[in-house]
Amino acid sequence: MTTGAARGAHRWALFALAFIASALVAGTVYGWPPLRRLLLEEDSNASEKALGAVFTAGSWSVQGGRFVAGISRDHFGTRFTCCVCLACVVAGAVMIALAKVGDDASLTAGMFAVGLGSGVQLCVQPVAVLFPEYSSTIMSALSGAFQISGLVFLALTAGGDRKIGFLVFAGCAAALLATCAFALPRGTSFLETPAAVDDDDDDDDSSTRGPEDVPVAVVVVPTRKEGLMNGETRREQMLSSEFIGLVAWFTIVVCPAQFFISTIGYQMEQKGDVNGSYSSIFSATYGAVAIFAAVGGRVADAVGCGACQGFATACIAVSFAILALPSSAGLEVQGLGMTVYSLGRLFIFAMYFSNIGRRFGFVNYGTLAGVGLLISAIWSLLQYPLLAWAVDSSATGANVLCMCMLCATMPYTVWLAKRERLERIERRKS
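The opening residue of the sequence shown carries number 15 in this note's numbering; numbering runs sequentially from there.
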């Protein structure tokens, strides 16, 4: 195999590992509805608010944990950070498996630990630098893998045995940890490759060399073509109007997106879903839309992130409008709402990460992405008061408020789309 072919195979192998890791552990927490239903079957007296607190802990760690993972990735490298995140998933899965019925503390701690697996996706997303010709497509595909991970809880609860299901999951996560421990790069860049050996060393007995003796050459990350006004240093980028706008948009839209998952099972039951079948339908729909992830990336590569971010925001706003319909509208229409929501959520996260990679580059990627995720995690804690409002008073009122929050961010997406359009015009002129 030629050197070029070997490098091509190597980059696809790294992408495959990144995809599998993301699909197994990155967004597992968001497959919550089937697990919630199983917990209710185990304990019919379980409080909806207590279950909501369990999910809130998990969803918060997905967001906030990626801030820590981003900082760790930038300072300690991809391999170390991914392995730590996977170790947390193993521990969390074991806690959920062994938690006794009604043991909310163990369930909450377990969900929090499992949610830390999201840091794996943050660390492996820079694999897109190996595919400069379609980086948004690669990053969107990884966001699709994140979405696929929402099917994990559906699979684990299918047999009705929480202990066996989650112990099997812990074993799979442990196997993935072992693979990442030797396959991922030690540093922050996926462009690390073994350096060529000088001709003078031809007489050396290369068979006696260990992996630690092979020198490493780090290829410089290609200069980005977009968002040059956002600066080069970490400080310049974090203080740029575009980064502030991106984080504000992401922070506002994530809270309603989290609230939707935490209450969809409850709201469907209030609308007549007696056997909880729509909880499973939601999880299946949530994972199925992942097939559109690469399509969104291709569109972003062609027309920019702003238009795609606007589309994603509009989709989730429409899903809340459908969720706010009275019970007389029937449960069937909610299937459409779940599909639109899942598609919008997929693109919201895909475009957030893609935006940072395209518009700010990968040098400070972990820190920039992590800061936005931490801020959004803090704001998303509002999902619990919204859940309490929906349970105690008015689910419709909470749904309408979420829809208004989403609509308030649309002007930003229009501004960004116009900015990207002007940049494309300038590049054509030059």
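Glycine residues also receive a C-beta, built at the ideal position from the N, C-alpha and C atoms.
Here the structure is a predicted model, which means the values were calculated and not measured.
Short Cβ contact (8 Å threshold) for residue i with residue j
i, j, result
"S149", "A37", "no"
"A383", "L136", "yes"
"G311", "A391", "no"
"D88", "G290", "no"
"T92", "T202", "yes"
"V268", "S61", "no"
"S356", "Y300", "yes"
"W46", "F145", "no"
"F204", "L31", "no"
"G473", "V428", "Because residue 473 is not part of the residues shown, which for the chain are 15 to 444, the question remains open."
"D513", "V128", "Given that the chain is displayed from residue 15 to residue 444, the structure contains no residue 513 and the question cannot be resolved."
"G66", "S276", "yes"
"A189", "V108", "no"
"A155", "A308", "yes"
"M153", "A169", "no"
"F367", "S86", "no"
"A187", "V76", "no"
"L260", "N369", "yes"
"Y101", "L191", "Note that residue 101 is Ala in the sequence shown, not Tyr. Yes. Within cutoff."
"D118", "A35", "no"
"T122", "A71", "yes"
"G279", "R50", "yes"
"S282", "S294", "The residue asked about is misnamed: residue 282 is Met in this sequence, not Ser. Contact: no."
Buried or exposed by the 16-neighbour rule on C-beta atoms within 10 Å, applied to residue i
i, result
"E445", "Lying before the first or after the last residue shown, residue 445 is absent from the chain, which here runs from 15 to 444."
"G174", "exposed"
"K285", "buried"
"L253", "exposed"
"P229", "Because the pLDDT of P229 is 40, which lies under 50, any placement of that residue in the model is unreliable, and the number read from its coordinates should be weighed accordingly. With fewer than 16 other Cβ atoms within 10 Å, it is exposed."
"E256", "buried"
"L436", "exposed"
"M243", "exposed"
"A409", "buried"
"G344", "exposed"
"F69", "buried"
"W26", "exposed"
"F196", "exposed"
"R249", "exposed"
"G179", "buried"
"R372", "buried"
"I110", "buried"
"S444", "exposed"
"G106", "buried"
"V347", "exposed"
"A23", "exposed"
"S73", "buried"
"E440", "exposed"
"N459", "Residue 459 lies beyond the residue range present for the chain, which begins at 15 and ends at 444; the question has no answer from this structure."
"G411", "exposed"
"A271", "buried"
"V385", "buried"
"P140", "buried"
"A316", "exposed"
Whole-number beta carbon distance between residue j and residue i, since they are thought to touch under 8 Å
i, j, result
"A159", "F33", "5 Å"
"V138", "C96", "7 Å"
"P48", "T151", "P48 to T151, Cβ: 30 Å. No contact."
"C319", "E434", "7 Å"
"V43", "M125", "6 Å"
"G79", "G133", "6 Å"
"F81", "L387", "5 Å"
"L337", "G349", "Rounded, the Cβ-Cβ distance is 12 Å, inconsistent with contact."
"Q397", "F273", "4 Å"
"C416", "F361", "Wrong, their Cβ atoms sit about 17 Å apart, outside the cutoff."
"R176", "L52", "6 Å"
"T327", "M424", "6 Å"
"F374", "Q251", "5 Å"
Short CB-CB distance (under 8 Å) between residue i and chain B
i, result
"I110", "The structure shown contains no chain B; it holds only a single protein chain."
Contact test: residue i Cβ vs the ligand SAH heavy atom, cutoff 7 Å
i, result
"L357", "In the structure shown, the ligand SAH is absent, as is every other ligand, since no ligand is present at all."
Is the stretch 320-340 in contact with the stretch 419-429, if contact means three or more CB pairs nearer than 8 Å?
-> yes
At 4 residues or longer, and completely inside the stretch 145-187: list those alpha helix (DSSP H) runs for me, N to C.
-> 149-162, 166-171
With contact counted as at least three CB pairs below 8 Å, one residue from each stretch, are the stretch 303-319 and the stretch 398-412 in contact?
-> no
With a floor of 4 residues, list each alpha helix (DSSP H) that falls wholly inside the stretch 366-404, ordered by position along the chain.
-> 379-394
Within the stretch 226-310, note down every full beta strand (DSSP E) run reaching 3 residues or more, in order along the chain.
-> 230-232
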